[in-house]
Every structure is written in structure tokens, then in C-alpha cells.
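K.L.:
Each residue of the sequence shown is one higher than the last, beginning at 19 in the numbering used here. C-beta atoms are modelled at their ideal positions from N, C-alpha and C, and glycine is treated no differently. Just so you know, these numbers come straight off a predicted model, no measurement behind them.
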Amino acid sequence: MHRTARASALLITLSSALALALPAPAGAEDTEPAVVLNGAFASPAVPDGRAWAYLAIDGWDGPGLASAGRAGHPRGYQAAFLAAPDSPRPLGTRLRAVRAGATVTLAWDDNPDTCAGQGVPRRTYTVSVAGDANPPGAFATNDPNGRANWFLGRTYSFTAAEDSPRVTFSFDAANASPGCQPFLTNVTARQTAPPPGGTDPCAGDAAGTSACASLGTAKEQIAACPPTGRDCVAGVAGDGKQTTDGIAGQSGAVQDFADLPRDQDPASAAAGLCPLSNALTDGVPPEHLVIAPSRWGSC
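1. At what residues does the alpha helix (DSSP H) containing G87 begin and finish?
2. Could you check what DSSP says for E50 in three-state terms: helix, strand or coil?
3. Taking G164 as the reference, which of R172, D181, V147 and R141 has the closest Cα?
4. Name, in chain order, the residues that DSSP records as bridge partners for D128.
5. Among the candidates D128, R112, A102 and P200, whose CA atom is the shortest distance from the CA of V122?
6. Once DSSP output is grouped into helix, strand and coil, what is the label at D249?
7. Quick one: Cα of A158 to Cα of P212, how far?
8. Alpha carbon to alpha carbon, what distance is there between A71 and R114?
9. Can you give me the Cβ contacts of Y174 inside the same chain, cut-off strictly under 7 Å, excluding the 5 residues immediately before and after it?
10. What is the C-beta distance between L109 and F187, in whole angstroms, given that I count them as a contact (C-beta under 8 Å)?
11. Who are the near neighbours of A86 in its chain, counting only those whose CB is closer than 6 Å to its CB and skipping five residues on each side?
12. Among A120, T49 and A101, which one has its Cα closest to the Cα of P332?
13. Can you name the residues that DSSP bridges to D76?
14. Leaving out five residues on either side along the sequence, give the residues of the same chain with a beta carbon under 8 Å from the beta carbon of R172.
15. According to DSSP, is L109 helix, strand or coil?
16. In three-state terms, what does DSSP make of Q96?
17. What's the gap between the Cα of A134 and the Cα of A192?
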């Protein structure tokens with residue numbers, strides 16, 4: 019389920035009217051941290067003297083990085099720029115330590131970049147994650163003005179449809195000047211983990227199967243037993259003989275192990291080994307033995 023606060027519609031002129039639904043903050047209840055590797059895009063560092071570099075981003079797929087100087091983020095972060103439209107490698111990562119069923123609120127900062135001058139429409143992009151119940155989120159940067167113009171604290175909330183869900187940021191093909199991609203940085207996430215344990219095997223459509231129907235009847239019969247009705251419960255659930263026998267077998271094995279002697283007379287121990295050594299050396303000529311049998315001790 020895609021969890022957002024009440025969504026608002028933002029009408030943006032992109033030569034013609036384009037309506038963008040901007041997911042509002044929805045993560046007040048998502049309080050536990052979720053792992054975002056290299057969320058401030060500090061690794062690797064853009065080489066000195068360069069504004070950007072097409073580098074493999076640690077922990078991410080994507081085209082490359084902008085230097086801290088080019089990004090102009092108020093906290094001095096480097097930034098990743100979005101891939102060109104229809105790129106086979108959009109900017110994306112997996113959120114580690116997030117299990118299927120967790121609710122997640124992703125947060126980040128965006129910037130239209132200095133290459134987008136005043137009068138250019140806001141740069142629009144999409145955030146997507148797996149799961150039919152998680153519609154993509156549509157976002158637009160602040161107005162381009164030829165300078166860094168960061169929006170701090172975008173959010174997108176979703177329910178993880180898989181362990182370590184993959185989040186992808188895609189630059190929209192409808193943007194004017196599609197070669198001037200916006201920047202992202204300071205990506206963080208918080209979550210509410212799903213309840214521990216597995217799913218109910220008799221939930222949903224499985225509830226009508228013969229095994230689950232029998233289980234449901236047994237639950238009702240046990241619930242009808244009086245609090246002191248041990249025989250009543252045993253009549254429905256059985257007397258637990260298999261479990262009792264298993265416990266008894268384990269107890270016997272433990273006792274047998276405890277009764278093993280831990281100390282033996284050396285001569286007795288050697289006597290027990292002699293038949294084995296004799297069997298191994300019977301028929302072997304003395305010249306083939308490194309140590310003569312006469313030097314083997316009691317054997």
C-alpha cells in the first residue's frame with residue numbers, strides 16, 4: 019500500500035500544462051533507520067579540478083557524480099546526476115536491511131543544476147519501486163535560475179514488496195533540454211519493520227483448503243473445552259505421544275553419553291587397538307614395514 023499524506027496536485031507549465039502529483043510526507047510512523055549505502059554520494063570523490071565525472075558510484079547504479087563545488091549543496095555534499103531519458107542504467111540502489119512488508123519513507127534533496135538557466139521549466143523526474151501497490155512518485159525541482167537551487171527533504175513512502183527493495187530515479191523524457199539532468203543527494207530512509215515470523219499458511223484463499231478447514235474446526239473444538247478439560251483437549255489435538263517418545267529417546271541418548279567412561283587403563287586401551295593393527299599388517303613382509311612389529315609394544 020502506497021502510504022502518503024493527502025497528495026497535492028502541482029500544475030507546472032512545460033510548454034503545455036503538465037500535472038504532477040507530488041507525494042507528501044507520510045513517514046511520521048517510520049522511525050527506524052533503513053540502510054542507504056553512500057546516500058551523500060561521497061564515494062568515489064570527483065577528481066580535483068573537475069565539475070563532474072562519469073564514475074561507478076559505490077552502492078548505486080547510475081551515470082556519475084557532480085563535485086561538491088558544482089553541486090553547491092548547503093551541507094557540502096557531492097551529488098549524483100540523473101541518467102538521460104531512456105538510459106539503460108538509471109540512478110538506483112537497494113535499501114539494505116529492509117524486509118518485504120516493511121513500510122518505508124525515503125527522503126532526499128534535489129537541484130535543477132546550474133546548467134538549467136532562468137526560464138527553463140522545472141526539471142521533472144520519477145521515483146519508482148517494485149510492487150503493484152506502489153505507484154511511481156512524480157517530482158519537480160525548484161525553478162532553475164542558473165545557480166544551485168536545492169529543495170531539501172523530498173519524501174516518497176511505500177510498502178516493500180521484496181527484501182532489500184530497489185529504488186530507481188528516472189529523468190523524464192518530456193523535459194526541455196533533456197541533456198541537463200538534475201542532481202540528487204542526501205538520500206536517507208526510515209522504516210517500520212513488518213511483524214516477526216512468517217505469513218499465515220491458512221490466510222486468504224488457502225483458508226478453504228481441506229487441511230486449513232480441519233485446522234479451523236480443531237481450533238473451535240479446543241476453544242469449547244473447559245479450562246481444566248485436559249482429556250477434552252487431548253481428544254482433539256491428540257495425546258502428544260510422538261513428541262513424548264522423541265523426548266524420551268533424546269533423554270536416553272544423553273544418559274548413554276554420560277555413562278561412557280572418560281578414563282581407561284593404557285594397557286586396556288592398547289589391547290583394544292591390537293586387533294585393528296594386526297589386521298592391517300597381516301601378510302605384509304617385514305621389509306615393507308618402516309617400524310618392525312616387535313617395536314609396537316603390546317601388539
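P.N.:
If we stick to the structure as given:
1. A86 to A89
2. strand
3. R141
4. F169 and L202
5. R112
6. helix
7. 31 Å
8. 26 Å
9. P41, L124, V145 and G155
10. 4 Å
11. G94 and Q96
12. Absent from the model: residue 332. The displayed extent of the chain is 19 to 317, so no value can be given.
13. Bridge partners of D76: none, in fact.
14. A125, W126, D127, D128 and F157
15. strand
16. coil
17. 15 Å
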